[in-house]
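Same order as they appear, the protein sequences are chains U and V. Under the working numbering, the first residue of the first sequence carries the number 29, and numbering increases by one thereafter. Under the working numbering, the first residue of the second sequence carries the number 168, and numbering increases by one thereafter. Backbone N, C-alpha and C fix where the C-beta goes; we use that ideal spot for every residue, glycine too. As the structure is a prediction and not an experimental result, all values here were calculated from the model. What follows is a single structure, written as structure tokens, with notes after it.
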Amino acid sequence: MQIYADNAATTKMSRAAIDAMLPYLDKVYGNPSSLHSAGQRASEALVAARERIAGILGAKPQELTFTSGGSEADNQAIISAAKMGEKSGKKHIISTAIEHHAVLHTLKKLENEGFTVTLLPVEPVTGLVTPQQVADAIGEDTALVTVMYANNEIGTVEPIAEIGAVCRERGVLFHTDAVQAAGHLPIDVRVQNIDLLSLSAHKFGGPKGVGVLYARRGVRLTNLIEGGAQERGKRAGTENIPGIVAMAAALEESAAHMDEASAHLIPLRDKLIAGLARIPHSALNGDPDKRLPGNVNFCFEGIEGESLLLLLDDKGVCASSGSACTSGSLDPSHVLLAIGRVHDVAHGSLRLSLGTDVTEAEIDYLIAAVADVVSYLRGMSPVWRDLQTGKRAYIL
Amino acid sequence: MALYSETVMDHFRNPRNVGVIDNADGVGEVGNAKCGDIMTMYLKIDGDTISDVKFETFGCGSAIASSSMATELIKGKPVSEALQLTNKAVAEALDGLPAHKLHCSVLAEEAIKAALKDYYDKHGIEYDHSLFPDCAHCEGCE
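Put into structure tokens, the structure is as follows:
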């Protein structure tokens, strides 16, 4: 059995997105800035895609800027809000300890430029942050609050509408990194009090290399890329028309089927969680209910995540881990550490992010495959042996 | 996955000499759980020959493969030869390791040295202490 359970990393393109994209590769290939009819046809496609995406987000078309993806949108949102704040002497930014690196590294850069950053701690295990925490952290000099809609590793869905309301009341800009949420959870920027929002097409069946930055009218964007007058002069470079058109189709399709996708995924996700919880000395990471419909994340004590992934791959399962050996650094995932998982168990983490077409038979296979591999690796682990003999105390 | 050579994947998928030796003549454990890898080596020594060797490893694919290869390289060999085992030899026998995984082969060398030192200590055998420098901390433990 082959199961791709790494949809939080990227999804396969939906048929609708591929079909929408193809004509823009070799038939309608003009540059939308060109005056001739070939260019104008591309320009019309760009206008239409912008209107369709704006409609789904509850935004106005002119409030959207197309970017190269979620990271660029996050960077531009945060830098723009920081520069706006700086003009009125506000140099404080509030965020959380579990944001994506596209946010955290941008904040680090601003810190080096003299901004003060408060990273709110999250609730142990669940990873939730509360509107009250945000309210308490806001000061006179706060320029921006940036809190992700849903976490990419542990799947926790943050109360962004309530956080947005707090920010609105206090007159502070609110950005949300909605990369994991878009296409999977409802978004309405007006209802949810969002001033800036980032999303990425390849997380919901669109192509890689294209995303959106929503910035409410009145929020002045700072360019990251200088050049031509594309995107109202706020993001230079010839527009990725095939990508943008495909993104619109993918978002439309996932928005139209969101309820049925959730109704299908949530019981299967919960079955997978219940199945993996039967593995002794394991623990679910993230909130059990306020959770992305397709996300499952566990720590297994006594084993290391990379070996787990390699052996699962041999069994046809594509998954992801927050262990140091898979993160490319010496430390395990900052998200797992922030929810209180110590290094020893954070190394043994596994993320399974389900696709909307996952079946119950696949869930059964996943449970059996993971249980099998965990038990095999524990059998050769000196840590597990020490835990079993009492030389080392169980953490989970 | 193209991250590892076929030899690494073979030793990872089918590790040689996994297990424990009861009443081993020498046991060495290196690494720590915080860094994400621990290796334990067990030696059975008859006369001057390593007649049996087993390992247990908590760690990534290359840590398991490095342990497995290291046991193969010293099994049946004289103690003096096992003392000469280098991390480079382990990595080469595995047809190479990615640069950021070389510390796994270092750990395998250290685990075997630690087991040999334990054998000398347990059996009251005199040895050259310079053969066993203090744990060369992997960067992860700093």
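- Put simply, the stretch 316-327 of chain U does not touch the stretch 246-257 of chain U. Fewer than three CB pairs are less than 8 Å apart.
- Identification of residues in the stretch 322-340 of chain U having a C-beta nearer than 9 Å to some C-beta of chain V yields 330, 331, 332, 333, 334, 335, 337, 338, 339, given in sequence order.
- Burial is judged here by how many other beta carbons sit within 10 angstroms of a residue's own beta carbon; residue 179 of chain U has at least 16 and is buried.
- The C-alpha of residue 255 of chain U lies about 55 Å from the C-alpha of residue 236 of chain V.
- For residue 351 of chain U, the C-beta contacts it makes with chain V under 7 Å involve 203, in order along the chain.
- In this structure the stretch 231-248 of chain U touches the stretch 273-286 of chain U; the number of beta carbon pairs closer than 8 Å is three or more.
- Rounded to whole angstroms, the gap between the alpha carbons of residue 253 of chain U and residue 260 of chain U is 13 Å.
- Taking a 10 Å sphere around the C-beta of residue 40 of chain U, we find fewer than 16 other C-beta atoms and assign the residue as exposed.
- The CB of residue 223 of chain V comes closer than 8 Å to the CB of 408, 409, 410, 413 in chain U, given here in chain order.
- Inside the stretch 112-170 of chain U, DSSP marks whole beta strand (DSSP E) runs of 3 or more residues at positions 120-124, 144-148, from first to last along the chain.
- Using a CB distance below 7 Å, the part of the stretch 187-201 of chain V facing chain U consists of 196, 200, 201, ordered along the chain.
- Non-local beta-carbon contacts of residue 177 of chain V in its own chain, meaning distances under 6 Å to residues more than five positions away in sequence, are absent.
- Contacts with chain U at 9 Å (Cβ-Cβ) do not include residue 220 of chain V.
- Rounded to the nearest whole angstrom, the CA to CA distance from residue 413 of chain U to residue 223 of chain V is 9 Å.
- At a cut-off of 9 Å between C-beta atoms, residue 268 of chain V counts as an interface residue with respect to chain U.
- Below the 8 Å Cβ cutoff, chain U contributes 408 as neighbours of residue 182 of chain V, in chain order.
- The beta carbon of residue 169 of chain V sits no closer than 9 Å to any beta carbon of chain U.
- One Cα belongs to residue 334 of chain U, the other to residue 289 of chain V, and the distance between them is close to 36 Å.
- Put simply, of V:255, V:266, V:246 the residue whose alpha carbon is nearest the alpha carbon of residue 211 of chain V is V:246.
- Shown here, residue 311 of chain U sits in a strand according to DSSP, grouped into three states.
- Judged by beta-carbon spacing, residue 263 of chain U lies within the 9 Å limit of residue 104 of chain U, meaning their Cβ atoms are closer than that value.
- Pairing residue 196 of chain V with residue 243 of chain U, the inter-Cα distance amounts to about 56 Å.
- Rounded to whole angstroms, the Cβ separation of residue 35 of chain U and residue 383 of chain U is 5 Å, and the two are in contact under 8 Å.
- DSSP places residue 219 of chain V within a strand segment (E or B) once states are collapsed to three.
- Taking a beta-carbon distance threshold of 9 Å, residue 230 of chain V counts as an interface residue toward chain U.
- The Cβ neighbour count for residue 408 of chain U, taken over all protein chains shown within 10 Å, is at least 16; the residue is labelled buried.
- The bridge partners DSSP lists for residue 289 of chain V come to none.
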